[in-house]
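S.K.: Questions regarding the structure given below will be posed in turn.
There are 2 protein chains.
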Amino acid sequence: MKIDIDKAPTWVGSGYPAPFDAPCLDRKRVRLGAAAGLSQFGVNLLHLQPGTWSSQRHWHSREDEFVYVLAGEVVLVTNAGETVLRAGDCAGFPHGVADGHQLQNRGTEVAVVLEVGTDDKQDVAEYPDVDLRATPDGYVHRDGTPYPPRK
Amino acid sequence: MKIDIDKAPTWVGSGYPAPFDAPCLDRKRVRLGAAAGLSQFGVNLLHLQPGTWSSQRHWHSREDEFVYVLAGEVVLVTNAGETVLRAGDCAGFPHGVADGHQLQNRGTEVAVVLEVGTDDKQDVAEYPDVDLRATPDGYVHRDGTPYPPRK
Numbered sequence: 001m002k003i004d005i006d007k008a009p010t011w012v013g014s015g016y017p018a019p020f021d022a023p024c025l026d027r028k029r030v031r032l033g034a035a036a037g038l039s040q041f042g043v044n045l046l047h048l049q050p051g052t053w054s055s056q057r058h059w060h061s062r063e064d065e066f067v068y069v070l071a072g073e074v075v076l077v078t079n080a081g082e083t084v085l086r087a088g089d090c091a092g093f094p095h096g097v098a099d100g101h102q103l104q105n106r107g108t109e110v111a112v113v114l115e116v117g118t119d120d121k122q123d124v125a126e127y128p129d130v131d132l133r134a135t136p137d138g139y140v141h142r143d144g145t146p147y148p149p150r151k
Numbered sequence: 001m002k003i004d005i006d007k008a009p010t011w012v013g014s015g016y017p018a019p020f021d022a023p024c025l026d027r028k029r030v031r032l033g034a035a036a037g038l039s040q041f042g043v044n045l046l047h048l049q050p051g052t053w054s055s056q057r058h059w060h061s062r063e064d065e066f067v068y069v070l071a072g073e074v075v076l077v078t079n080a081g082e083t084v085l086r087a088g089d090c091a092g093f094p095h096g097v098a099d100g101h102q103l104q105n106r107g108t109e110v111a112v113v114l115e116v117g118t119d120d121k122q123d124v125a126e127y128p129d130v131d132l133r134a135t136p137d138g139y140v141h142r143d144g145t146p147y148p149p150r151k
């Protein structure tokens, strides 16, 4: 069925513990896959305001990810350095490859990115630049100490 | 990693038994997910020449599908009838829902569609408009008789 984008569930903000949420607060995700009743992978329309990051740089133990830039421009940051992605460019991030990635909107226009990814309840995400790990039980420090639950 | 679209593996044509392949011969799929080493879902850049269909109308027992129109215009055909999808429109097809779908390019320009889907080795695809079923062992008639293997 055609997806009514205007009626799809939307999420704005970040669930990271402070201060790691700060660069990601102006991101909006429109959940297209959920709107269509898909369960095997998620598809989001990501809107990144100027100055906003898609995420802290991270990689997933069990979840593949794919991004396709629809409008604007983002900087893809990985271990290999920085690469500009413009409308029509795309990138993939296989699970289990220990190379963190993130998209930064350093431009002056909103960047719009189609994101696809799986959701594995046993996934662990590693954040190599900050003291953060996402586990099935929530965010923890690298030493395993939990962050306080968000209010 | 950024995907080099020009170097991604490409497939032109259709594996359907004749005559069901005829409307799908001018379709090209650029395998973006495979180019990036993704294994949990496939992502293709589908190019449909004028007059070409994405597929015979079908639904999957075990594979979710999602399409996002990037350029041109296609007609989505389902049990509910026909819906035009233009650039920026998208649709989703949850597995196990017995409502066949296909995209037809009835326009004069090439239509470009981003397709996402899973690959389940036990999937069966039903084709309600024609005498065709796709099984893990290949294409069969509705009565289960196999079609001859393609040369």
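Top line first, the protein sequences correspond to chains A and B.
Numbering-wise, UniProt numbering puts 138 at position 138 of the first sequence, and it's gapless, one number per residue.
Numbering-wise, UniProt numbering puts 26 at position 26 of the second sequence, and it's gapless, one number per residue.
All residues carry an ideal CB built from backbone N, CA and C; glycine is no exception.
Predicted model, so just to flag it, every value in this text is computed and none were measured.
Less than 7 Å between CB atoms is the rule here; does A/PHE66 satisfy it with respect to chain B?
M.R.: yes
S.K.: Given this structure, state the Cα-to-Cα distance separating B/ASP4 from A/ARG31, to the nearest angstrom.
M.R.: 27 Å
S.K.: Hey, is B/THR10's beta-carbon within less than 7 Å of any beta-carbon in chain A?
M.R.: no
S.K.: Is the shortest distance between the beta-carbon of B/PHE41 and the beta-carbons of chain A less than 7 Å?
M.R.: yes
S.K.: Since B/ASP99 and B/THR118 should fall inside the 8 Å C-beta cutoff, what is the C-beta to C-beta distance between them, to a whole number of angstroms?
M.R.: The Cβ separation is near 18 Å, so there is no contact.
S.K.: Would you identify the three-state DSSP class for B/ALA36, choosing helix, strand or coil?
M.R.: helix
S.K.: So, for B/GLY51: in the same chain, excluding its five sequence neighbours on each side, which residues have a beta-carbon less than 8 Å away from its beta-carbon?
M.R.: PRO23, ASP26, ASN105, ARG106
S.K.: Would DSSP call B/PRO146 helix, strand or coil?
M.R.: Correct three-state label for B/PRO146: strand.
S.K.: If we ignore side chains and look at the alpha-carbon of each, how far apart do B/HIS60 and B/VAL97 end up?
M.R.: 8 Å
S.K.: Thinking C-alpha only, which one of A/HIS47, A/LEU76, A/LEU45, A/SER39 is nearest A/GLN56?
M.R.: A/LEU76
S.K.: Under DSSP, the beta strand (DSSP E) around residue 152 of chain B begins and ends at which residues?
M.R.: Look at the range of chain B in this structure, 1 to 151, and you will see that residue 152 of chain B is not part of it.
S.K.: If the criterion is Cβ atoms closer than 7 Å, does the pair B/PHE66 and B/VAL113 meet it?
M.R.: Inclusion of B/PHE66 and B/VAL113 in the CB contact set at 7 Å is not warranted, their separation being larger than that value.
S.K.: Looking at chain A, is there any beta carbon in it that lies within less than 7 Å of the beta carbon of B/SER91?
M.R.: For the record, residue 91 of chain B in the displayed sequence is Ala; it is not Ser. B/ALA91 counts as touching chain A.
S.K.: Could you tell me which chain B residues have their CB closer than 7 Å to the CB of A/VAL69, listed as they occur along the chain?
M.R.: Residues of chain B passing the Cβ test: none, with the nearest at roughly 10 Å.
S.K.: Taking Cβ positions only, does B/THR83 come closer than 7 Å to chain A?
M.R.: yes
S.K.: Strictly under 7 Å for the Cβ-Cβ distance: is B/VAL30 near chain A by that measure?
M.R.: no
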